[in-house]
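Asker: Protein chains in written order, with my numbering: chain A, 3 to 467; chain B, 5 to 105. We treat Cβ as the ideally placed atom computed from N, Cα and C, and that holds for glycine. Can you read through this structure? Questions will come right after.
See the structure below:
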């Protein structure tokens with residue numbers, strides 16, 4: 003019998019009859035899982051190991067291109083560590099948002115690595131896979147029925163933008179995970195998913211309170227980030243009927259009420275709400291109590307079920323090819339006049355490169371030291387040095403490269419009024435100072451749809467390895 | 005006194021690609037209450053610092069962690085052409101010098 007099968011059988015007819023121990027092994031699988039804390043976690047006889055592997059926070063490139071954000075070698079090292087740990091104890095391993103963005107190419111690369119590990123380490127197990135991709139036809143129907151809402155003021159989605167979207171995923175939820183868990187499996191790899199589903203789907207299936215399970219999941223999906231001091235080490239959650247307890251598996255990290263509660267603020271716009279496809283968790287009555295010098299007990303989360311299921315969609319589309327010019331400047335006259343200089347140089351370059359074709363590119367100068375990071379300086383002043391990154395997005399890489407190379411030459415020699423230095427206006431740390439980066443993407447879809455009868459949107463399949 | 009000399013944590017981050025969220029946390033209730041009751045940090049000052057209309061700013065006081073949170077819409081969706089801070093992790097800096105009476 004498989005790892006999930008054993009637990010389901012043990013809890014059959016005895017909902018939540020004993021506490022469940024869950025290891026949050028990593029909030030970003032592929033950036034390294036510290037071994038000592040993970041090992042200490044395994045020594046606690048856990049019932050489940052979970053890892054989150056992706057996020058929308060990394061930007062539109064990875065989703066659009068199908069590339070992983072993490073290096074293949076470190077991803078494989080982390081996957082091997084958690085697979086070996088889970089198989090040794092014969093407990094389920096659940097991983098969500100595979101390959102950074104959770105679309106088909108990401109899932110494929112993740113499964114590919116797992117196949118390699120199984121072969122190299124001579125492991126055999128049953129693995130469920132749930133693709134996170136959403137068919138465009140379903141979203142087309144939502145657009146026609148006007149049952150699609152942009153999240154946080156995201157503009158309305160047009161049919162054209164939908165058609166141009168390279169990868170389109172939906173955040174699956176705990177009920178989608180539960181269908182896979184019931185397939186008698188050892189490992190579950192999900193495409194784009196709510197991070198909470200990774201840790202809450204199994205406990206809820208075994209009879210634990212859904213509000214508590216999701217609240218716990220929301221905290222441990224970032225491993226020991228909720229501790230003082232916060233960090234990447236594995237965390238142990240012990241889930242009971244009325245509460246759950248948290249303890250970091252790294253001795254120097256303390257899971258204290260204040261820092262655990264504060265974790266609800268992190269990357270969230272409302273610390274009292276956890277919104278899920280099937281409803282939401284209300285945390286207004288949540289209680290955080292310290293039970294030892296480095297662990298706490300949490301209770302009070304309330305689950306409010308929604309009368310309809312909604313899915314948050316994410317999609318990326320190509321906007322062009324990107325090349326950048328990297329250079330610096332230390333001449334105070336150049337720095338003080340940089341706005342006029344850049345405007346003039348932009349004009350000269352446009353006249354030259356658009357002599358025989360219409361303007362087909364966008365130029366984004368960022369002047370680090372002045373306004374490279376934020377919209378405007380807090381206290382305007384002339385810094386001693388600035389770094390200039392001038393970005394071009396054009397239809398082809400050749401075109402983007404042509405624009406930044408020409409910009410380099412005219413920026414270098416532009417004769418602005420009162421110039422003292424006639425040798426060159428900018429410094430290159432190396433040549434060539436132009437870098438061709440490749441395809442640039444943007445989020446085209448960040449919307450919520452009702453899913454009606456499409457309960458089978460995220461269908462699991464089983465691979466025997 | 006400046007906010008940076010009272011707060012324990014001042015940070016910014018995306019809450020999704022369309023929203024920047026600012027968290028200001030304090031080491032004790034006295035500091036938290038002092039800033040909560042001050043006009044130095046308010047929807048109005050956030051609106052001026054970030055050029056965002058006050059009615060688009062959400063303010064939440066979170067006493068359990070002695071924290072104040074502001075969520076504001078991003079002018080540029082994270083990662084769009086022209087964005088300067090994809091994660092939104094460096095938009096907090098202009099809060100440091102806010103004067104708290």
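Which residue wins for smallest C-alpha separation from residue 301(A), given the options 240(A), 371(A), 406(A) and 52(A)?
Answerer: With distances taken between Cα atoms, residue 301(A) lies closest to 240(A).
Asker: In whole angstroms, what is the alpha-carbon distance linking residue 2(A) and residue 5(A)?
Answerer: Any question about residue 2(A) goes unanswered here, given that chain A covers just 3 to 467.
Asker: Hey, residue 21(B) and residue 395(A): beta-carbon distance below 8 Å or not?
Answerer: The answer is no: Cβ separation not under 8 Å.
Asker: Using the rule of at least 16 other Cβ atoms within 10 Å of the residue's Cβ for burial, across every protein chain shown, is residue 317(A) buried or exposed?
Answerer: Buried, by the Cβ-count rule.
Asker: Specify the secondary structure class of residue 449(A) as computed by DSSP and reduced to three states.
Answerer: Here residue 449(A) sits in strand by DSSP.
Asker: Which chain A residues are close to residue 97(B), counting only those with a beta carbon under 9 Å from its beta carbon?
Answerer: By Cβ distance, chain A contributes 375, 376 and 380.
Asker: Determine, for residue 75(B), whether the minimum Cβ-Cβ distance to residues of chain C falls below 8 Å.
Answerer: You won't find chain C in this structure, because its protein chains are A and B.
Asker: Using three-state DSSP, classify residue 87(B) as helix, strand or coil.
Answerer: Residue 87(B): coil per DSSP, three-state reduction.
Asker: So which residues on chain A does residue 64(B) lean against when the C-beta distance must stay under 9 Å?
Answerer: Result: 267, 271, 272, 273 and 274.
Asker: Is residue 324(A) helix, strand or coil when you go by DSSP?
Answerer: DSSP places residue 324(A) in strand when its eight states are reduced to three.
Asker: Just to check my reading of the structure: residue 111(A) and residue 70(A) have Cβ atoms closer than 8 Å, yes? What is that Cβ distance to the nearest angstrom?
Answerer: Between residue 70(A) and residue 111(A) the Cβ distance is about 6 Å, and since that is below 8 Å, they are a contact.
Asker: What residues of chain A sit near residue 114(B), judged by a beta carbon separation below 7 Å?
Answerer: Here chain B comprises residues numbered 5 to 105, so residue 114(B) is not present and cannot be evaluated.
Asker: DSSP beta-bridge partners for residue 14(B)?
Answerer: 28(B).
Asker: For residue 161(A), count neighbouring C-beta atoms within 10 Å of its own C-beta (all shown protein chains included) and say buried if the count is 16 or more, exposed if not.
Answerer: With fewer than 16 Cβ atoms within 10 Å of its Cβ, residue 161(A) is classed as exposed.
Asker: Note down, in chain order, each residue of its chain lying with its Cβ closer than 6 Å to the Cβ of residue 273(A), except the 5 sequence neighbours on either side.
Answerer: So the list reads 266 and 267, once near-sequence residues are dropped.
Asker: What residues from the region 436 to 449 of chain A come within 8 Å of chain B, judged by C-beta to C-beta, listed N to C?
Answerer: Under the 8 Å Cβ criterion, the region 436 to 449 of chain A contributes 442, 443, 444, 445 and 448.
Asker: Note down the Cα distance separating residue 79(A) from residue 35(A), rounded to an integer number of angstroms.
Answerer: One C-alpha to the other measures close to 9 Å.
Asker: Would you verify that the beta carbon of residue 73(A) is, or is not, closer than 8 Å to some beta carbon of chain B?
Answerer: Judged by the 8 Å Cβ criterion, residue 73(A) is not in contact with chain B.
Asker: Should residue 89(B) be labelled buried (16 or more other beta-carbon atoms within 10 Å of its own) or exposed?
Answerer: Buried, because 16 or more other Cβ atoms sit within 10 Å of the Cβ of residue 89(B).
Asker: Count the other CB atoms, across all protein chains shown, that sit within 10 Å of the CB of residue 323(A); report buried if there are 16 or more and exposed otherwise.
Answerer: Residue 323(A) is buried by the Cβ-count criterion.
Asker: Starting from residue 169(A) and walking both ways along the alpha helix (DSSP H), at which residues does that stretch end?
Answerer: Premise fails: residue 169(A) lies in the beta strand (DSSP E), 167 to 172, not in any alpha helix (DSSP H).
Asker: Would you verify that the beta carbon of residue 29(B) is, or is not, closer than 8 Å to some beta carbon of chain A?
Answerer: It does; some Cβ of chain A falls within 8 Å.
Asker: Please report how far the alpha carbon of residue 463(A) lies from the alpha carbon of residue 28(A), in whole angstroms.
Answerer: Approximately 24 Å, taken between the alpha carbons.
Asker: Would you check if the distance between the CB atom of residue 16(B) and the CB atom of residue 93(B) is smaller than 8 Å?
Answerer: Yes, they are a contact pair.
Asker: When DSSP builds the beta bridges, which residues end up paired with residue 129(A)?
Answerer: Answer by DSSP bridge pairing, in chain order: 189(A) and 465(A).
Asker: Can you pull the chain B residues whose beta carbon is under 7 Å from the beta carbon of residue 154(A), in chain order?
Answerer: The contacting residues are 20, 22, 23 and 77.
Asker: Just curious, the alpha helix (DSSP H) that residue 411(A) is in, first and last residue?
Answerer: Residue 411(A) -> alpha helix (DSSP H) spans 399 to 415.
Asker: Using a C-beta cutoff of 8 Å, does residue 321(A) count as contacting chain B?
Answerer: Chain B, which has a Cβ nearer than 8 Å to the Cβ of residue 321(A), makes this yes.
Asker: Here's a check: name, in chain order, each residue in its chain whose Cβ is nearer than 7 Å to the Cβ of residue 354(A), leaving out the five neighbours to either side.
Answerer: Counting only Cβ-Cβ distances below 7 Å, and skipping sequence neighbours, we find 408.
Asker: Taking the alpha carbon of residue 74(B) as the reference point, which residue from 24(B), 12(B) and 103(B) has its own alpha carbon closest?
Answerer: Nearest C-alpha to residue 74(B): 24(B).
Asker: Who does residue 329(A) pair with in a DSSP beta bridge?
Answerer: Note: residue 329(A) sits in a beta bridge opposite 390(A).
Asker: For residue 8(B) versus residue 101(B), is the C-beta spacing smaller than 8 Å?
Answerer: Yes, they are a contact pair.
Asker: Could you name the residues that DSSP lists as bridge partners for residue 179(A)?
Answerer: Answer by DSSP bridge pairing: none, since residue 179(A) is not bridged.
Asker: Mind checking whether residue 337(A) and residue 375(A) have CB atoms under 8 Å apart?
Answerer: Against a cut-off of 8 Å, the Cβ pair of residue 375(A) and residue 337(A) comes out as no contact.
Asker: Can you pull the chain B neighbours of residue 368(A), defined as C-beta to C-beta under 8 Å?
Answerer: Per Cβ cutoff of 8 Å: 88.
Asker: Taking 6 Å as the limit between beta carbons, can you name the residues of its chain near residue 92(A), skipping five residues before and five after?
Answerer: Excluding positions up to five away in sequence, the list reads 5.
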